[in-house]
Structures are given as C-alpha cells and as structure tokens.
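Peer 1: For the sequence shown, the positions run 0 to 348 when numbering that gives the first Met the number 0 is used.
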Amino acid sequence: MNEFDFIRQLRDQTRSRKTSPRLIRGIGDDAAILREYPGRDLVISTDLLVEGADFHRDTTTPRLLGHRALAVSLSDIAAMGARPLWALISIGLPESAWESNFKDEFFAGYLALADRYGVTLAGGDISKSQSIVIDSIVIGEVNAGRAVLRSTAKPGDQIFVTGTLGGAAAGLKLIELGARLSIDSRRQEADGRSEFDSDTSDDNAIQSLLLRQLSPQPRVGWGVVLGEEHLATSMIDLSDGLSSDLRHLCEESNAGGTIDAASLTLDEDVKHLCGRRALDPLALALHGGEDFELLFTVAPENISRLPKRVDGTPVSRIGEITGQTGVVRIREQNREWDLPARGFQHFSN
Ligand code: ADP
Ligand code: MG
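Structural data, given as structure tokens:
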C-alpha cells in the first residue's frame with residue numbers, strides 16, 4: 000500500500016463516521032476547511048518534516064530548516080486561496096541539537112518568514128527525540144465558501160502555474176552529487192533572499208538551486224489574490240511534482256488535463272547547468288517536487304483578469320482541463336502522450 004492508498008482509506012473511514020457539519024472539507028485537499036462563524040472559514044494545514052526522510056542536518060542550516068518548516072505549510076494555505084494568520088510548531092530534538100544554537104537559529108529562520116507574511120506563532124510543543132522531527136501547523140482565513148479546492152476544475156478551464164519549475168529538484172540532485180551551500184549563501188539566506196544577481200556563472204547557478212531546494216518561497220500573495228478575486232476554479236501547490244500534483248487535481252475534479260511541454264517555464268539555472276550534468280530539465284520540471292509553486296485553473300472568461308505578477312512572481316499558462324477523467328497528457332510539437340505520475344511519494348511500491 001502506498002501513501003496515497005492509505006490516505007484514501009483513512010478518508011473513507013472518516014466519511015462513514017458522524018462528522019461536524021462545520022467541517023466544510025476534511026481529508027483530500029491541501030488543507031482542511033472549518034466554518035468559524037457565518038461568513039468566515041478557517042483553513043488549517045499540518046506538515047511533518049523528519050530528519051533523514053525530508054531533510055538532512057548536514058546539508059542545510061538550522062535557520063533554513065526553520066524557514067522551510069513554515070514555508071511548506073504557508074504553501075498549502077496559499078493553495079487554498081486563503082490568508083495565513085496563525086501558526087503552531089512542534090519539534091522533537093536530540094540532546095545535541097538542544098545544547099547547540101540549533102533551536103535559536105531554527106526559530107530565527109521560522110520567525111523571519113512569519114514576520115514577512117504577518118503570521119503569529121500561537122503555540123507548539125517541544126520534546127526530546129532520537130532525530131529531529133518537526134510538525135508545522137498554519138491556520139488561515141477566507142470568506143466563507145471562497146476557499147479554492149482541488150476538486151472544482153471544469154473542462155475548458157486553462158491550467159496555470161506560478162514562477163519556474165525544476166529548480167528545487169535540481170537543487171536536491173546537486174546536494175546528492177555533493178554540492179554544498181557556500182558561506183555567502185548562508186549569509187544571503189539570513190536576509191531572506193534566495194535569488195542571485197543576473198550573473199550566470201556555474202557557481203552562482205548552483206547556489207541558487209541549492210537555495211531553491213533548501214529555502215522554498217511560498218506563493219502567499221498569489222494565493223490571497225486568486226482566492227479573494229475569485230479567479231481560480233481549482234488549485235494545488237507543487238510539493239510532490241507537476242505530474243503527480245496535476246493528477247491529484249484532475250482526479251479530485253473528475254476531469255483530465257493536457258499540458259504543453261513548450262509552455263513550461265523551466266528554471267533558468269536548471270537550463271544553464273543541465274546538459275553538462277546529464278540532467279534533463281523537462282524531466283525535472285515534470286516530475287521533480289518541492290518547487291512550491293501554485294498550480295491552478297482559470298475559466299476562459301476570467302483569464303484577462305489575472306494579474307501579470309504578484310510580489311514579482313509571474314504566471315504561465317501551461318495547458319487545459321479536459322473531460323477525460325483521470326487522463327493526464329502532455330503535448331510536444333505534434334506528439335501527445337500520457338504523462339505518468341512520477342512525482343515523490345513516501346512508501347511508494
Ligand atoms: P500536501 O502534500 O498538500 O501536504 P498530502 O499529500 O500530505 O498533502 O495529504 C493529502 C491529504 O491527506 C490532505 O488532506 C491531508 O490532510 C490528508 N492526510 C495526510 N496524512 C494524514 C493523516 N495521517 N491523517 C489524516 N489525514 C491525512
Ligand atoms: Mg499541498
């Protein structure tokens with residue numbers, strides 16, 4: 000049984016039980032939706048980060064880890080079209096991390112990102128454990144009924160994605176190949192910047208990609224705009240990888256999707272570095288995870304209302320929702336074929 004089979008089984012078990020009518024949406028989306036009071040819905044997401052599975056202590060910094068823990072949950076709240084407001088964080092730490100400056104650096108990174116988006120740390124828990132375990136919860140708010148689900152895409156809707164693809168997966172590959180953050184990058188991340196100047200030397204490209212993996216930038220502004228302006232008909236964030244996340248969205252919507260290979264915006268640094276390192280940029284963009292961009296659909300009549308950029312991040316139109324349930328295809332020039340879901344999953348079989 001893989002991760003998604005198990006989640007489906009849990010979802011069926013909760014459905015057959017008595018549930019609060021104020022739970023608008025439970026298991027199955029990027030976050031749960033609760034009716035707070037008439038007119039307002041709460042959106043809540045939790046993410047677990049485990050040392051050895053989700054990160055390695057020796058290839059990141061405590062500060063980046065704090066940033067990342069909050070960023071991944073902010074991304075899920077953005078994927079619901081909600082505004083993040085409160086957060087809780089629980090951490091299990093080995094004695095060695097407790098005795099070092101780990102916890103101070105971790106919270107410096109966490110709180111710097113929280114401050115950037117006006118998110119208040121409202122609580123958490125601390126325990127001793129063998130390795131580092133982090134549970135990050137973020138709570139956001141939307142006007143009642145305005146949360147953007149995975150399950151409401153319609154045939155004919157156009158598929159969009161924010162920013163660029165493949166950078167985080169390339170960063171992970173580089174780490175696996177032995178690349179490490181430079182002293183300069185460690186300093187840059189302290190300023191909350193993850194982009195380098197337009198210098199395209201290999202070293203800068205490598206450092207940018209490492210930060211793309213280790214310091215994801217959640218698309219909070221886009222999430223709020225798409226939700227408040229009622230622009231997206233459905234949305235998911237790209238955590239597992241485009242091929243898998245588009246499939247999740249299509250399956251939840253009882254629809255299909257076709258994307259154009261040529262319209263995918265590949266990360267510039269990935270294109271710059273790939274050839275020489277036997278990495279295929281298109282494969283990284285399609286199947287590599289953790290870009291934490293937003294994948295969303297827009298009804299044709301609303302496309303002209305989409306902003307060109309939010310917080311400096313553009314969007315690209317990459318394809319269209321079809322009526323063929325569960326069929327995800329990719330088109331390249333005159334050829335078209337099925338796009339297998341090859342993104343990340345825990346407990347794959
Ligand atoms: P994401 O990648 O957006 O964080 P996941 O793939 O982790 O989403 O989860 C998909 C859905 O399954 C979510 O609605 C999540 O709340 C639910 N889910 C995952 N793990 C559990 C669990 N242990 N118990 C209940 N629901 C779960
Ligand atoms: Mg998600």
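We put the CB at the ideal spot given by N, CA and C, even for glycine.
Whole angstroms are fine: how far does the CA of residue 202 sit from the CA of residue 141?
Peer 2: So the two alpha carbons sit approximately 42 Å from each other.
Peer 1: Which residue comes first and which comes last in the alpha helix (DSSP H) that contains residue 230?
Peer 2: Taken as a continuous stretch (DSSP letters only), residue 230 belongs to no alpha helix (DSSP H), as it is neither H nor E.
Peer 1: To the nearest angstrom, how far is it from the Cα of residue 178 to the Cα of residue 217?
Peer 2: In a straight line, the C-alpha of residue 178 is about 24 Å away from that of residue 217.
Peer 1: Are there three or more Cβ pairs, one per stretch, closer than 8 Å when the region 86-93 is compared with the region 115-132?
Peer 2: With the cut-off at 8 Å, the region 86-93 and the region 115-132 touch.
Peer 1: From which residue to which residue does the beta strand (DSSP E) around residue 121 run?
Peer 2: From DSSP, the beta strand (DSSP E) with residue 121 extends over 119-127.
Peer 1: In the DSSP assignment, find the alpha helix (DSSP H) that holds residue 142 and state where it starts and stops.
Peer 2: No alpha helix (DSSP H) contains residue 142, which is instead part of the beta strand (DSSP E) from 132-142.
Peer 1: Can you tell me whether residue 242 sits near ligand 1, meaning its C-beta is under 7 Å from at least one heavy atom of the ligand?
Peer 2: The answer is no for residue 242.
Peer 1: What residues in its chain sit with their C-beta under 6 Å from that of residue 91, if we drop five residues either side in the sequence?
Peer 2: Only 126, 128, 132 meet the Cβ criterion.
Peer 1: Once the 5 residues before and after residue 323 are set aside, which same chain residues still bring their CB inside 6 Å of it?
Peer 2: So the list reads 255, once near-sequence residues are dropped.
Peer 1: Quick one: what does DSSP say residue 108 is sitting in, helix, strand or coil?
Peer 2: It is helical.
Peer 1: Measure the alpha-carbon distance for residue 226 versus residue 94 and round it to whole angstroms.
Peer 2: Computed Cα separation, rounded: 43 Å.
Peer 1: With a threshold of 16 other CB atoms inside 10 Å of the CB of residue 76, please say whether the residue is buried or exposed.
Peer 2: By the 10 Å Cβ count, residue 76 comes out buried.
Peer 1: If residue 26 sits next to residue 138, beta carbons under 8 Å apart, how far is it from one beta carbon to the other, in whole angstroms?
Peer 2: Incorrect: roughly 17 Å between the Cβ atoms, too far for contact.
Peer 1: With a threshold of 16 other CB atoms inside 10 Å of the CB of residue 209, please say whether the residue is buried or exposed.
Peer 2: Label assigned to residue 209: buried.
Peer 1: For residue 58, does the three-state DSSP call read helix, strand or coil?
Peer 2: Correct three-state label for residue 58: helix.
Peer 1: In angstroms, rounded to a whole number, what distance separates the CA positions of residue 262 and residue 159?
Peer 2: If I take the Cα positions, the gap works out to 10 Å.
Peer 1: Going by beta carbon distance, what residues of the same chain come within less than 6 Å of residue 296, once the five residues before and after it are set aside?
Peer 2: So the qualifying residues of the chain are 152, 156, 158, 232, 233, 320.
Peer 1: Kindly provide the chain-ordered list of residues whose Cβ lies closer than 7 Å to any non-hydrogen atom of ligand 2.
Peer 2: Output, sorted by chain position: 29, 74, 75, 78, 235, 236, 238.
Peer 1: For residue 290, verify whether its CB is less than 7 Å away from any heavy atom of ligand 1.
Peer 2: Result no, Cβ not under 7 Å from ligand 1.
Peer 1: In the region 224-288, which residue ranges form an unbroken alpha helix (DSSP H) of at least 4 residues, counting only runs that do not cross its ends?
Peer 2: You should have 241-251, 267-272, 280-286.
Peer 1: How far does the alpha helix (DSSP H) with residue 211 in it extend, from its first residue to its last?
Peer 2: Its alpha helix (DSSP H) spans residues 201-213.
Peer 1: Pull up the distance between the alpha-carbon of residue 354 and that of residue 22, whole angstroms please.
Peer 2: In the structure as shown, the chain starts at 0 and stops at 348, and residue 354 therefore has no counterpart that could be examined.
Peer 1: Is DSSP giving residue 291 helix, strand or coil here?
Peer 2: Coil, per DSSP.
Peer 1: How is residue 339 classed by DSSP in three states: helix, strand or coil?
Peer 2: Residue 339 falls in the coil class under three-state DSSP.
Peer 1: What runs of the beta strand (DSSP E), each 3 residues or longer, lie entirely inside the region 8-67?
Peer 2: DSSP runs (the beta strand (DSSP E)) wholly in the region 8-67: 22-24, 31-36, 39-49.
Peer 1: Over what stretch of residues does the alpha helix (DSSP H) that includes residue 180 continue unbroken?
Peer 2: No alpha helix (DSSP H) holds residue 180; DSSP gives it neither H nor E.
Peer 1: Taking the beta strand (DSSP E) that residue 302 falls in, what are its first and last residues?
Peer 2: From DSSP, residue 302 is part of no beta strand (DSSP E); its letter is neither H nor E.
Peer 1: When DSSP builds the beta bridges, which residues end up paired with residue 315?
Peer 2: In DSSP, residue 315 forms a bridge with 160.
Peer 1: Between which two residues does the alpha helix (DSSP H) harbouring residue 166 extend?
Peer 2: Run containing residue 166: 166-175, per the alpha helix (DSSP H) assignment.
Peer 1: Quick check: does the Cβ of residue 9 come within less than 7 Å of any heavy atom belonging to ligand 1?
Peer 2: The answer is yes for residue 9.
Peer 1: Is DSSP giving residue 220 helix, strand or coil here?
Peer 2: Note: residue 220 maps to helix in three-state DSSP.
Peer 1: Taking residue 230 as the reference, give the member of 13, 298, 68 with the closest Cα.
Peer 2: If we check each option's Cα against that of residue 230, 298 comes out closest.
Peer 1: Along the chain, where does the alpha helix (DSSP H) that runs through residue 95 open and close?
Peer 2: Where residue 95 is concerned, the enclosing alpha helix (DSSP H) stretches over 94-98.
Peer 1: By the DSSP assignment, the beta strand (DSSP E) with residue 327 in it spans what residues?
Peer 2: Per DSSP, residue 327 belongs to the beta strand (DSSP E) from 327-331.
Peer 1: Cβ of residue 213 within 8 Å of Cβ of residue 67?
Peer 2: Cβ atoms of residue 213 and residue 67: closer than 8 Å.
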